[in-house]
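Numbering-wise, my numbering comes out as the position in the sequence shown, counting from 1, plus 36.
Here's the structure we're looking at; comments come further down.
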Amino acid sequence: MSQENINKPLTLSLLNGITARFNIDGQELVVWGSSWTGMEKIWLNGELVSEKRSLRFKTVHTFSVDDSEYEVEFDITKAYKSDVVVKVVKDGAHFRTVTFNYYRDEDGKFDWPKLFKSLLAGAVVGFSGVMIFEVLFK
37 MSQENINKPL TLSLLNGITA RFNIDGQELV VWGSSWTGME KIWLNGELVS EKRSLRFKTV
97 HTFSVDDSEY EVEFDITKAY KSDVVVKVVK DGAHFRTVTF NYYRDEDGKF DWPKLFKSLL
157 AGAVVGFSGV MIFEVLFK
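Now the structure itself:
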């Protein structure tokens with residue numbers, strides 16, 4: 037029943053994906069999603085309870101454990117801003133929503149160095165791809 041904004045989570049990276057941890061009535065819910073493969077996994081108290089591969093902007097996982105119904109929603113709300121929302125519902129009642137943003141620091145300020153590094157990496161990969169294409173197909 038709360039909104040939690042995490043601007044620079046320690047568990048969000050392009051290589052390792054996104055990981056969100058929730059404590060629900062003394063139980064640990066871990067939500068993980070891959071940035072590369074679209075794989076999403078959810079563990080409750082260390083036990084894998086849901087697994088899906090999705091390349092959609094929104095995925096909903098539903099599962100039951102000990103007579104409790106859970107719903108976890110991955111939602112990429114603004115792909116161009118790298119905003120990812122993870123929403124948790126237990127027994128039909130909203131528990132928590134967490135918003136992640138890759139390009140924000142801990143104070144919520146835009147992380148310009150991270151953006152420039154991403155743009156530079158994209159330029160290097162693009163240029164390398166063009167050069168390889170030219171060498172192979174010239």
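Beta carbons are placed, not taken as given, at the ideal position from N, Cα and C, and that holds for glycine.
These numbers were taken from a predicted model, which means no experiment stands behind them.
Please go through the same chain and pick out, in chain order, the residues whose beta-carbon is closer than 6 Å to the beta-carbon of residue i, but skip the five residues on each side of it.
i, result
"H97", "I78, S86 and V108"
"R89", "G74 and M75"
Skipping 5 residues on each side, what residues in its chain have a beta carbon closer than 7 Å to that of residue i?
i, result
"Q63", "L80 and N81"
"V101", "L80 and V85"
Pop quiz: residue i and residue j are said to be a contact at Cβ under 8 Å. What is the actual Cβ separation, rounded to whole angstroms?
i, j, result
"D111", "V125", "Actually they are not in contact, since the Cβ atoms of D111 and V125 sit about 13 Å apart, beyond 8 Å."
"K145", "T133", "K145 to T133, Cβ: 22 Å. No contact."
First and last residue of the beta strand (DSSP E) that includes residue i?
i, result
"F136", "A129 to N137"
"G53", "G53 to I60"
"S90", "Element bounds for S90: n/a, residue is neither H nor E."
Checking the sheet assignment: what are the DSSP bridge partners for residue i?
i, result
"L80", "L65 and E83"
"K126", "Y106 and A129"
"T98", "E107"
Hey, quick one: how far does the alpha helix (DSSP H) through residue i stretch, first residue to last?
i, result
"F173", "W148 to F173"
Using a threshold of 8 Å, state whether the C-beta atoms of residue i and residue j are closer than that.
i, j, result
"F136", "I60", "no"
"E30", "D127", "Outside the displayed span of the chain (37 to 174) sits residue 30, for which this structure offers no information."
"L51", "F58", "no"
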